[in-house]
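Only one structure is covered here, and it is reproduced in the block below.
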Amino acid sequence: MSYYSTPSSPYADFFRTRKVTTALSVLIIACYFVLKPSWAGFSAYALDSGHWWVLVTNFFTHFSLDHLLFNVMMIVLVGGEIERVFGPGAMLLTFFLGGFGGTLAVWAFDPYSLTAGASSAGYAVMGVLLMMSRDKRGPAVLLGINILYSFFPGVSMWGHIGGLVGGFVAAGIIKAMFRRQQAGSRGAPWSMG
1 MSYYSTPSSP YADFFRTRKV TTALSVLIIA CYFVLKPSWA GFSAYALDSG HWWVLVTNFF
61 THFSLDHLLF NVMMIVLVGG EIERVFGPGA MLLTFFLGGF GGTLAVWAFD PYSLTAGASS
121 AGYAVMGVLL MMSRDKRGPA VLLGINILYS FFPGVSMWGH IGGLVGGFVA AGIIKAMFRR
181 QQAGSRGAPW SMG
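At position 45 of the sequence shown (counting the first as 1) the number is 45 in full-length UniProt numbering, and the numbers step up by one without a gap.
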């Protein structure tokens, strides 16, 4: 560091080490103002009508501002740590396996309900956190509280369960990638620079 350079702020460091998480969060927030659950949320009716895009758009669509903010907060706080520790590729993998896992579970077990939201990805990041943490107590409490919330009326329990399963699959892939990484190399296996 040069004598005249200024130290970076904690916020700059936060976003510098969490570029994918930040980009996903900004995209989710932008989609809140563009995508509406009535035509971007998932249901078998939408697929029956040929609206295949709902397989992806549903986890970028939210029903309300508090729904959006809670999901983005979970992705930024927990997903950001996954990206910081394991790399941006691990976060992308976790987000999309969680999103698709939630969609597939809803399709299989509650196909005609209208579902939307990034909570399936939020459950995936909690699943990765639980599987990859040495001390499981904190992640288990976080996950337990959120699972209880899944039983409230109007909440997609199957979307949450599918997202969690997607997170467990992502954790297995991340572990396998780290095992394959050469012993002498440093950094996350999916570093982007």
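For every residue, glycine included, the Cβ atom is placed at its ideal position computed from N, Cα and C.
Item, Value
"Please name the residue in Tyr123, Gly166, Phe70 whose C-alpha comes closest to that of Phe100.", "Gly166"
"Closer than 8 Å is the cut-off here; do at least three beta carbon pairs connect the region 174-183 with the region 134-148?", "no"
"Would a check of beta-carbon distances place Val106 closer than 7 Å to chain D?", "Among the chains of the structure shown, chain D does not appear; only one protein chain is present."
"Would you mind reading off the limits of the alpha helix (DSSP H) that contains Thr17?", "Run containing Thr17: none; DSSP gives neither H nor E here."
"Curious, which full-length alpha helix (DSSP H) runs of at least 4 residues does the region 47-75 contain?", "54-57, 65-74"
"Who are the near neighbours of Gly154 in its chain, counting only those whose CB is closer than 6 Å to its CB and skipping five residues on each side?", "none"
"Can you list, in chain order, the residues of its chain whose CB lies under 8 Å from that of Phe151, leaving out five sequence neighbours each side?", "Met157"
"Would you check if the region 54-73 and the region 103-120 touch, i.e. whether three or more CB-CB distances between them fall below 8 Å?", "yes"
"Arg84 and Thr17 - do their beta-carbons sit closer together than 7 Å?", "yes"
"Round the Cβ separation of Leu68 and Ile29 to the nearest angstrom and send it over; I've been treating them as touching at under 8 Å.", "7 Å"
"So, residue 208 versus Ile82, is the Cβ gap smaller than 7 Å?", "There is no way to answer for residue 208, as the model of the chain reaches only from 1 to 193."
"For Phe168, which three-state DSSP category applies?", "helix"
"Where do the ends of the alpha helix (DSSP H) carrying Ala121 lie?", "119-132"
"So Val106 is in the alpha helix (DSSP H); what residue range does that whole segment cover?", "88-109"
"What are the boundary residues of the alpha helix (DSSP H) that Val141 is part of?", "137-149"
"Which residue comes first and which comes last in the alpha helix (DSSP H) that contains Ser38?", "37-40"
"My guess is that Val72 and Gly159 are in contact by the Cβ rule of under 8 Å, so how many angstroms apart are they, rounded?", "Actually they are not in contact, since the Cβ atoms of Val72 and Gly159 sit about 16 Å apart, beyond 8 Å."
"If you draw a straight line from the C-alpha of Ile147 to the C-alpha of Gly162, how long is it?", "12 Å"
"Rounded C-beta distance between Gly79 and Phe95? I'm assuming under 8 Å.", "7 Å"
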